[in-house]
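In our numbering, the protein residues as written are 6 to 229. Working notes, beginning with the structure itself.
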């Protein structure tokens, strides 16, 4: 048998990756499932506070605060306004929130698919190089719908127009909130993928602080 036709005796040893044990249903309900990082607890705790100074994270948190603040401002006087203007009962006011549900579902589609299509289109124009900022033009949809929704709601109730006018405003506002916050959040995730958990915590924690500040200072500014 020639040397060329002999089978090779060389064997490579590939390091085997340990397969994690499958947890039972009771084990999956544990409050603490183990340690998943080697970083100190202080660094994990302080990182969301530090990340808020980054401009994309701060901007996204402000988008959440402003849009949700609009919704809270409307829903706080919705029942009173509809009962005084249109003599609606409680269950009739509740049915008007179906428009908000429909607007939210439409906002999910426009915030997800339209954002992806916009980013893909700009990526093709950029020679296949994708940038996180390529998602931002799609947020103009929510930015345009939000003021129109507020005008429909305020003018409709103030001028005692048909009840469908402020109800459409409520649905359009929910659409704008879901669409705009969806695009803003995905943009920040694209910017800081290695720290996506800390970034999400930072946005959701500080948007409540910004909202409460606006809730306190806006009525004061309105009086002056």
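Virtual Cβ for every residue (Gly too), placed ideally from N, Cα, C. This one's a predicted model, so the numbers in the text were calculated from it and none came from an experiment.
Could you check what DSSP says for residue 43 in three-state terms: helix, strand or coil? Secondary structure at residue 43: coil, using DSSP grouped into helix, strand and coil.
DSSP state of residue 187, grouped into three classes? helix
Identify whether residue 165 lies in helix, strand or coil by the three-state DSSP scheme. coil
Give me the Cα-Cα distance between residue 68 and residue 135, rounded to the nearest whole angstrom. 23 Å
Collapsed DSSP secondary structure at residue 127 in the structure displayed: helix
Report yes or no: do the segment 118-136 and the segment 147-154 share at least 3 C-beta pairs separated by less than 8 Å? In this structure the segment 118-136 does not lie against the segment 147-154, because fewer than three pairs of beta carbons, one per stretch, are closer than 8 Å.
Which two residues bound the contiguous alpha helix (DSSP H) that contains residue 78? 60-80 is the extent of the alpha helix (DSSP H) around residue 78.
I want to know whether the segment 161-172 touches the segment 89-97 - three or more CB-CB distances under 8 Å. yes
Below 8 Å, how does it come out for the segment 45-65 and the segment 193-200: are there three or more Cβ pairs, yes or no? Output reads yes: the segment 193-200 touches the segment 45-65.
Neighbourhood of residue 210 by C-beta distance below 7 Å, restricted to the same chain and skipping five residues each side: 53
Thinking residue 212 and residue 66 are a contact (beta carbons under 8 Å), I'd like their distance in whole angstroms, please. 5 Å
Just curious, the alpha helix (DSSP H) that residue 95 is in, first and last residue? 95-101
Backbone CA spacing between residue 129 and residue 143 [nearest angstrom]: It is roughly 16 Å from the alpha-carbon of residue 129 to the alpha-carbon of residue 143.
DSSP state of residue 28, grouped into three classes? It is coil, neither helix nor strand.
Own chain residues within Cβ distance below 7 Å of residue 186, not counting five before or after: 68, 69 and 72
Would you tell me roughly how many angstroms separate the C-alpha atoms of residue 141 and residue 127, rounded to the nearest one? 11 Å
Using the C-alpha atoms, what's the distance from residue 43 back to residue 33? 22 Å
Kindly list the residues whose CB is nearer than 6 Å to the CB of residue 111, restricted to its own chain and excluding five residues on each side of it in sequence; keep chain order. For residue 111, the CB contacts under 6 Å within the same chain, skipping 5 residues up- and downstream, are 180 in chain order.
Given a cut-off of 8 Å on the beta-carbon distance, is the pair residue 231 and residue 176 in contact? Since the first residue of the chain shown is 6 and the last is 229, residue 231 is not available in this structure.
Less than 7 Å between C-beta atoms, sequence neighbours within five positions excluded: which residues of the same chain meet that for residue 183? 109, 112, 113 and 116
Residue 35 (DSSP reduced to helix, strand or coil): Collapsing the DSSP output to three states places residue 35 in coil.
Integer-rounded CB distance, given that residue 46 should sit under 8 Å from residue 204: So it is not a contact: roughly 19 Å between Cβ atoms.
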